[in-house]
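Student: Take a look at this one; I'll ask things after.
Protein chains: 2
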Amino acid sequence: MAGIVDVAREAGVSTATVSRALSGKDYISPATKALVEEVAERLGYVPSASAYTLVTGRTKNIGVVVPYVDRWFFSSALETVDRELVKAGYDVTLYNLSSGDDHRKSIFTKSLPRKRVDAVMCISVRMSEAEIQSLAKVNKPIVAIGGPIAGAKCIKIDDTAAGKLATEHLIAMGHSKIAMIGSSEIDEKFFDVFNERRAGYELALKDAGITARDAWYKSVSKYAISEGYAAAKQLLGDPHNAPTAIFASSDELAVGAMLAAKDMGLTIPNDLSIVGVDNHELSDFFGITTINQNVHGQAAQLVKTMLQLLDDPEHEVADQLEWPVELIVRSSTARLVS
Amino acid sequence: MAGIVDVAREAGVSTATVSRALSGKDYISPATKALVEEVAERLGYVPSASAYTLVTGRTKNIGVVVPYVDRWFFSSALETVDRELVKAGYDVTLYNLSSGDDHRKSIFTKSLPRKRVDAVMCISVRMSEAEIQSLAKVNKPIVAIGGPIAGAKCIKIDDTAAGKLATEHLIAMGHSKIAMIGSSEIDEKFFDVFNERRAGYELALKDAGITARDAWYKSVSKYAISEGYAAAKQLLGDPHNAPTAIFASSDELAVGAMLAAKDMGLTIPNDLSIVGVDNHELSDFFGITTINQNVHGQAAQLVKTMLQLLDDPEHEVADQLEWPVELIVRSSTARLVS
DNA sequence: CTGTTAGCGCCTTCAG
DNA sequence: CTGAAGGCGCTAACAG
């Protein structure tokens, strides 16, 4: 591999000139610039990232931390984050926490502080105090989606408001027997949005003067169609407490609930209304009314914020930006006919 | 951030000793080793990746190229690849090709050759001659899943065999009117496995003396439930050519087909048998008979191969490893009753 | 506008 | 077993 000295020699100039010609900054005569570029091209010269980093302190690389990559929320966010970062000239190195706790630790204490990244993005990662400390010591900008982290700029939706909005929609449609399916998964990896959504659900019921019943609440172990299916069957089969509407805390659960209802001979939305959260592509296909949280929008905003911080570390950015949610009404909800 | 000199000074030794103590190699007295380790720990010393790379030439980082990250196959593979690589002490930097062609070009000509990675893994990425050339110039090991790349070690399933096996299963169950849904998506980003699967399908029909009909073949634009649904409706509604069985070239398509059949009043598997490919988690839930391609197994093997190559570049590895597929029979296929 | 000169932080011979 | 010295490839002053 040709180095900068090879280019310099071949072009008959100094390495400093080569550096200037190729970086674009600093004054340089158009002629030599063109010459250097031609030679560099011909020799297939590519600057060494490590040498560049060593001297400038900048890596042009962003560390992105995710709890998993093969789950909808995270892969969706990652897709956008990566795309936007690449456009801005950054590489992204991925730190996936699903490898286990010991590796998790080394990610925070070794990998991230290794001066391999200019900033760190956390996609809905719940971190311990110690981990936040480790990160802070790196002294690099930190931005996050999904939950507040001390010392980081964060973007998140108001999950309480989301749960409330979904439930209010159901109430406005005349429903009063409204169940909720949520995941109380004990997962230390990521922020559990569930409790907030449930709080919103209960708030809406309370505002409407409806007394929540324990039997209306089903907890599942993960956000999967199969789980929503099983939970809905339980809910709908209950002879005393069967609901006329279900609020599922994710669209995947909602799809499962819809399938369960159909298998039980119920028609949607006549016999049962369902609303989910996410605006997952599946909810469009299945016609599920949902709360759109626009992951791609959040992710794009996250990158934007990070770029601002990188550009000007003193830039004023709110510690927490609340991303708006909206209700998307489709064919899974309808007025209750009694 | 403490550097190696800080540790050396604090421990009262030379930087060379610190380096030796921490790297573990070379002779060093247990006492000084312990001392250095204690000091390093106390000072929160973390070696700079770029300095390390600059002098050793090694990065402890692997470049992983994917066409998309938010699609099942790729996110599944990425999850395993990352997990295994982290276990082996490597970071992963992600090169997502979905950012557009100009960025794609710079990934191959700039990012990858920048000496930021020790090796490159391509997850089902179709590359042009020029791109392969760029990569080859990096002179680093290249391993791939999904399709042959000159100069790279590759793992792939035999897609023709997969299509044949699926179809043969249907034939063995007594079916002769067998349709196929596949994606002929023109996507330059990744290897199109579809044509091979179709070839296998046709081969099986031919072997059984069945003449394929054009009307049995439906092409869709992408691997999505919605597409499988639409295609199956067309197939099943055809008054002259309605099949009794469908081979879908992915499980997502198969799920769509199943849903379409149900909506049309058909019961699975009595009125229609369906087989997919992937062993996607959905196929388990929906009880779809499928061809398991074991993405996680392929990905793990890929990492293993790469590690061998990194360990010993002369290591003998076949240019192409054929990953076995197996038929998983579930409840979406049954003997044809006539 | 361009060349010279120092390092960036670390590993690695080579001496001791 | 340990220290001194050189250099990995590049950029950023500082001179010219």
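Protein chains in written order, with this note's numbering: chain X, 1 to 338; chain D, 1001 to 1338. Think of the CB as a built atom: it goes at the ideal place given N, C-alpha and C, for glycine as much as any other residue. The structure displayed is predicted, hence computed values, not measured ones.
If distances are taken between C-alpha atoms only, which option among D:Ile1062, D:Glu1079, D:Asp1101 and D:Ala1260 comes closest to Met68 of chain X?
Tutor: Residue identity check: residue 68 of chain X is Tyr in the sequence provided, not Met. Among D:Ile1062, D:Glu1079, D:Asp1101 and D:Ala1260, the Cα nearest to that of Tyr68 of chain X is on D:Glu1079.
Student: Nearest by alpha-carbon distance to Lys1222 of chain D: which of D:Val1066, D:Ala1161 and D:Phe1073 is it?
Tutor: Nearest of D:Val1066, D:Ala1161 and D:Phe1073 to Lys1222 of chain D, Cα basis: D:Phe1073.
Student: Are the Cβ atoms of Val303 of chain X and Leu309 of chain X separated by less than 8 Å?
Tutor: No, they are not a contact pair.
Student: Thr53 of chain X touches chain D at which residues, Cβ-Cβ below 7 Å?
Tutor: The contacting residues are Ser1050.
Student: Determine the burial state of His1315 of chain D: buried for a count of at least 16 other Cβ atoms within 10 Å of its Cβ, exposed for fewer.
Tutor: His1315 of chain D is exposed by the Cβ-count criterion.
Student: Using Cβ-Cβ distances below 7 Å, what residues of the region 81–94 of chain X are close to chain D?
Tutor: Cβ contacts with chain D: Asp82, Arg83, Val86, Lys87, Asp91, Val92, Thr93 and Leu94.
Student: Apart from the five residues just before and just after Met180 of chain X, which ones in its own chain have a Cβ nearer than 6 Å to its Cβ?
Tutor: Result list for Met180 of chain X: Tyr201, Tyr217 and Phe247, in chain order.
Student: Could you list which residues in chain D have their beta carbon closer than 7 Å to that of His103 of chain X, in chain order?
Tutor: In chain order: Val1086 and Lys1087.
Student: Going along chain D in order, which residues have a C-beta closer than 9 Å to the C-beta of Val277 of chain X?
Tutor: Here the premise fails: no neighbours, minimum Cβ distance about 18 Å.
Student: Taking Cβ positions only, does Glu1041 of chain D come closer than 8 Å to chain X?
Tutor: So, not an interface residue.
Student: For Ala285 of chain X, go through chain D and note every residue whose CB falls closer than 7 Å to its CB, in chain order.
Tutor: A small fix is needed here, since residue 285 of chain X is Phe in this sequence, not Ala. Neighbours of Phe285 of chain X on chain D, chain order: Ile1225 and Ser1226.
Student: Would Glu227 of chain X and Gly256 of chain X be called neighbours here (beta carbons separated by less than 8 Å)?
Tutor: It is a contact, given that the beta carbons lie within the stated cut-off.
Student: Tell me, please, whether the CB atom of Arg1116 of chain D is closer than 8 Å to any CB atom in chain X?
Tutor: Yes, Arg1116 of chain D counts as interfacial toward chain X.
Student: Can you name the residues of chain D whose CB is closer than 8 Å to the CB of Pro47 of chain X?
Tutor: Going along chain D in sequence order, the residues near Pro47 of chain X (Cβ under 8 Å) are Arg1114.
Student: Can you give the Cα-Cα distance for Phe1191 of chain D and His240 of chain X, rounded to whole angstroms?
Tutor: Their Cα atoms are separated by approximately 54 Å.
Student: Between Leu1078 of chain D and chain X, is any beta-carbon pair separated by less than 8 Å?
Tutor: For Leu1078 of chain D, the answer is yes, since a Cβ of chain X falls inside 8 Å of its Cβ.
Student: Would you report the Cα separation of Ile1332 of chain D and Lys1206 of chain D, rounded to the nearest angstrom?
Tutor: Note that residue 1332 of chain D is Ser in the sequence shown here, rather than Ile. If you take the alpha carbons of Ser1332 of chain D and Lys1206 of chain D, they lie about 24 Å apart.
Student: Going along chain D, which residues have a C-beta under 8 Å from Tyr68 of chain X?
Tutor: Chain D residues near Tyr68 of chain X: Glu1079.
Student: Going by DSSP, what residues sit across from Ala179 of chain X in a beta bridge?
Tutor: According to DSSP, which records beta bridges pairwise, Ala179 of chain X is partnered with X:Ile246.
Student: Between Ser1099 of chain D and chain X, is the shortest Cβ-Cβ distance under 8 Å, so that the two count as touching?
Tutor: Ser1099 of chain D counts as touching chain X.
Student: Quick one: which unbroken alpha helix (DSSP H) runs of 4-plus residues sit fully inside the region 1022–1071 of chain D? Chain order, please.
Tutor: Here the runs fully enclosed are 1030–1043 and 1049–1056.
Student: At least one CB of chain D closer than 8 Å to the CB of Ser29 of chain X: is that the case?
Tutor: False, the Cβ-Cβ gap to chain D never drops below 8 Å.
Student: Skipping 5 residues on each side, what residues in its chain have a beta carbon closer than 6 Å to that of Ala1144 of chain D?
Tutor: If we look at Ala1144 of chain D and ignore the five residues flanking it on each side, its Cβ neighbours are Cys1122, Ala1152 and Cys1154.
Student: Report the three-state DSSP secondary structure of Leu327 of chain X (helix, strand or coil).
Tutor: Looking at Leu327 of chain X - three-state DSSP - the assignment turns out to be strand.
Student: Could you list which residues in chain D have their beta carbon closer than 8 Å to that of Lys110 of chain X, in chain order?
Tutor: Val1046, listed in chain order.
Student: Could you tell me the boundaries of the alpha helix (DSSP H) in which Lys1164 of chain D lies?
Tutor: Asp1159 to Ala1172 is the extent of the alpha helix (DSSP H) around Lys1164 of chain D.
Student: Going along chain D in order, which residues have a C-beta closer than 7 Å to the C-beta of Ser75 of chain X?
Tutor: The answer, in chain order, is Val1069, Asp1070 and Ser1075.
Student: What residue range is occupied by the uninterrupted alpha helix (DSSP H) comprising Ser1134 of chain D?
Tutor: Ser1134 of chain D -> alpha helix (DSSP H) spans Glu1129 to Val1138.
Student: The alpha helix (DSSP H) that contains Ile1225 of chain D, what's its start and end?
Tutor: Run containing Ile1225 of chain D: Ile1225 to Gly1237, per the alpha helix (DSSP H) assignment.
Student: Throw me the rounded Cβ distance for the Ala1232 of chain D and Ile1171 of chain D pair, which I believe falls under 8 Å.
Tutor: Ala1232 of chain D to Ile1171 of chain D, Cβ: 20 Å. No contact.
Student: Can a CB atom of chain X be found closer than 8 Å to the CB of Lys1218 of chain D?
Tutor: Cβ-Cβ to chain X under 8 Å: no for Lys1218 of chain D.
Student: Taking the Cβ atom as the reference point for each residue, do Met1264 of chain D and Leu1236 of chain D lie within a distance shorter than 8 Å?
Tutor: Yes. Within cutoff.
Student: Among X:Glu131, X:Ser23 and X:Ser14, which has the Cα closest to the Cα of Val65 of chain X?
Tutor: Of X:Glu131, X:Ser23 and X:Ser14, the residue nearest in Cα terms is X:Glu131.
Student: Looking only at C-alpha atoms, which of X:Pro243, X:Val7, X:Leu165 and X:Glu326 sits nearest to Ala212 of chain X?
Tutor: Looking at the Cα atoms, X:Pro243 is the closest of the given residues.
Student: Could you check if Val120 of chain X is buried or exposed, using at least 16 other CB atoms within 10 Å of its CB as the buried criterion?
Tutor: Buried is the call here.
Student: Note the first and the last residue of the continuous beta strand (DSSP E) segment covering Asn292 of chain X.
Tutor: Segment Thr289 to Asn292, the beta strand (DSSP E) holding Asn292 of chain X.
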